[in-house]
DNA sequence: GTATCGAACGTTACATCATAACATATCTAT
DNA sequence: ATAGATATGTTATGATGTAACGTTCGATAC
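Protein chains in written order, with our numbering: chain A, 14 to 144; chain B, 14 to 144.
Listed below in structure tokens is the structure:
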């Protein structure tokens, strides 16, 4: 559990829910888990998530419409993170690869494309589930 | 325009709509464009899209919840395609990079992860819009 | 020809994901 | 104290995706 020092109450609750979870959670699942803490509406969750994403404390998995706590909350990432999502057990591994980043940067430079955000998600089966 | 030889009527209509479009289309936007052709329900579009995705004639952009016609309908891709999405003009460029594919394969092999589908999407501004 | 089986189709209803709009409260710097 | 920014709470609604049902169409076997 990371310290949630400068987080607001809602942000802290949402991040806590993500950290406790085994795998990615949808916003509505988060909401359900936090009803007892006083959260009532999706927007409360989405607003907290927005901030957490900005701060790099959580990530959005686009192919799942779901969210995870960042696995490395203290290292400020370069902005290119890849996710491997096991479709059997739901586990998400987070990693980054400098060569991949360089290749994409090179492509962007050659094309004159100015990247702001890039997502990379590998769906499949983790070692345990493939066995 | 590619020939839509072994496509059914609905598949052909949906692919046609995607090919005519300047950029990605949501399923509901496709539906609206095809009302005059007799389509009435989202499922008709989603079912056609499923097949088109299977055949590699269309792609889903996860970060947009939208779809595009494949830019290279005749080359059967290796399964790793990257998309660069201009957030200003909506243009989507499709490309692939063997080095990136190799790096991700290597990671997967090392981790024992068995990939089935991977998505890579770069959001930002294209050359024209960045100028 | 017609029986049969699987794929595609059509329709209604519903589930899930996300935001608009507006009012209220809280925090911080002057 | 007050102004401005940020966070909050609430209702309603918009956007995206699917379940479950029955029907139609087209190939193949008889």
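For every residue, glycine included, the Cβ atom is placed at its ideal position computed from N, Cα and C.
Per DSSP, what kind of secondary structure is residue 115 of chain A in: helix, strand or coil? For the purposes of this step, residue 115 of chain A is taken as the residue at position 102 of the first chain. In the structure shown, residue 115 of chain A sits in a helix (DSSP, three-state: H, G or I).
Pull up the CB-CB distance for residue 38 of chain B and residue 80 of chain B, whole angstroms please, since I reckon it's below 8 Å. Taking the first residue of the second chain as position 1, residue 38 of chain B is located at position 25. Taking the first residue of the second chain as position 1, residue 80 of chain B is located at position 67. At roughly 6 Å, the Cβ-Cβ gap stays under 8 Å, so residue 38 of chain B and residue 80 of chain B are in contact.
If contact means a Cβ-Cβ distance below 7 Å, which residues of the segment 58-83 of chain A contact chain B? 75 and 76
Below 8 Å between beta carbons is the criterion; list the residues of the segment 108-128 of chain B that meet it against any residue of chain A, in chain order. 108, 110, 112, 113, 116, 117, 120, 121, 124, 125, 126, 127 and 128
Cα separation between residue 107 of chain A and residue 58 of chain B? Counting from one through the first chain, the residue named residue 107 of chain A turns up at place 94. Counting from one through the second chain, the residue named residue 58 of chain B turns up at place 45. Going by the C-alpha atoms only, they are around 34 Å apart.
Which word fits residue 35 of chain A, buried or exposed, when buried means at least 16 other C-beta atoms lie within 10 angstroms of its C-beta? Mapped onto the first chain, residue 35 of chain A falls at position 22. By the 10 Å Cβ count, residue 35 of chain A comes out exposed.
Select from B:45, B:47, B:102 and B:61 the residue whose C-alpha is nearest the C-alpha of residue 20 of chain B. The residue labelled residue 20 of chain B in the question sits at position 7 within the second chain. Nearest option by C-alpha distance: B:61.
Would you mind stating whether residue 82 of chain A and residue 32 of chain A have Cβ atoms separated by less than 8 Å? To locate residue 82 of chain A, count along the first chain from 1; it is residue 69. To locate residue 32 of chain A, count along the first chain from 1; it is residue 19. Cβ atoms of residue 82 of chain A and residue 32 of chain A: closer than 8 Å.
What residue range does the beta strand (DSSP E) around residue 73 of chain A cover? Residue numbering aside, residue 73 of chain A sits at position 60 when the first chain is read from its first letter. 71-74 is the span of the beta strand (DSSP E), which, as asked, contains residue 73 of chain A.
Is the CB of residue 94 of chain B under 8 Å away from at least one CB in chain A? By one-based count along the second chain, residue 94 of chain B stands at place 81. With 8 Å as the cut-off, residue 94 of chain B does not count as an interface residue toward chain A.
Contacts around residue 52 of chain B, its chain only, beta-carbon distance under 8 Å, and the 5 residues preceding and following it disregarded: Locating residue 52 of chain B in the second chain gives position 39, counting from the first residue. 23, 26, 44 and 58, listed in sequence order.
Between the C-alpha atoms of residue 46 of chain B and residue 131 of chain A, what's the straight-line distance to the nearest angstrom? Working through the second chain from its first residue, we reach residue 46 of chain B at position 33. Working through the first chain from its first residue, we reach residue 131 of chain A at position 118. So the alpha carbons of these two residues sit roughly 30 Å apart.
Proximity to residue 86 of chain A [Cα-Cα], best of A:113, A:41 and A:66: Against the first chain, residue 86 of chain A aligns to sequence position 73. Residue A:66 is the option with its Cα nearest to residue 86 of chain A.
When DSSP builds the beta bridges, which residues end up paired with residue 106 of chain A? Position 93 of the first chain holds residue 106 of chain A. For residue 106 of chain A, which the question treats as bridged, DSSP gives the partners A:97.
Measure the Cβ-Cβ separation of residue 136 of chain A and residue 110 of chain B and say whether it is below 8 Å. Taking the first residue of the first chain as position 1, residue 136 of chain A is located at position 123. Taking the first residue of the second chain as position 1, residue 110 of chain B is located at position 97. Cβ atoms of residue 136 of chain A and residue 110 of chain B: not closer than 8 Å.
How big is the Cα-Cα spacing for residue 114 of chain A and residue 56 of chain A? The residue labelled residue 114 of chain A in the question sits at position 101 within the first chain. The residue labelled residue 56 of chain A in the question sits at position 43 within the first chain. Cα to Cα, the separation comes out at about 34 Å.
Hey, does residue 136 of chain A have any beta-carbon neighbour from chain B nearer than 8 Å? Within the first chain, numbered from 1, the residue matching residue 136 of chain A stands at position 123. So yes, residue 136 of chain A belongs to the interface.
Indicate whether residue 2 of chain A and residue 74 of chain A have their beta-carbon atoms separated by less than 8 Å. This structure does not reach residue 2 of chain A, given that chain A is present from 14 up to 144, and the question cannot be answered.
Pair within 8 Å by beta-carbon distance, residue 125 of chain B and residue 143 of chain A: If you number the second chain from 1, residue 125 of chain B lands on position 112. If you number the first chain from 1, residue 143 of chain A lands on position 130. Yes, the pair counts as a contact, with Cβ atoms nearer than the cut-off.
Based on the DSSP secondary-structure assignment, which residues constitute the bridge partners of residue 36 of chain A? In the first chain, residue 36 of chain A corresponds to position 23, counting from 1. DSSP lists no partner for residue 36 of chain A.
Which same chain residues end up closer than 8 Å to residue 139 of chain B when comparing Cβ atoms and leaving out the 5 residues on each side of it in sequence? The sequence position of residue 139 of chain B within the second chain is 126, counting from 1. So the qualifying residues of the chain are 97, 99, 101, 102, 104 and 106.
Where does the unbroken beta strand (DSSP E) through residue 128 of chain B begin, and where does it stop? Translated into the one-based positions of the second chain, residue 128 of chain B becomes position 115. Counting along the chain, the beta strand (DSSP E) containing residue 128 of chain B begins and ends at 127-138.
Is DSSP giving residue 143 of chain B helix, strand or coil here? Here residue 143 of chain B corresponds to residue number 130 of the second chain, with the count starting at 1. Reduced to three states, the DSSP call for residue 143 of chain B is helix.
Relative to chain B, which residues along the segment 28-54 of chain A have a C-beta separation below 9 Å, given in chain order? none
DSSP puts residue 54 of chain A in a beta bridge; with which residues? One-based indexing of the first chain puts residue 54 of chain A at position 41. Beta-bridge pairing links residue 54 of chain A to no other residue.
Looking at the C-beta of residue 106 of chain B, does it have a partner C-beta in chain A at a distance below 8 Å? For the purposes of this step, residue 106 of chain B is taken as the residue at position 93 of the second chain. It does: the Cβ of residue 106 of chain B has a partner Cβ on chain A nearer than 8 Å.
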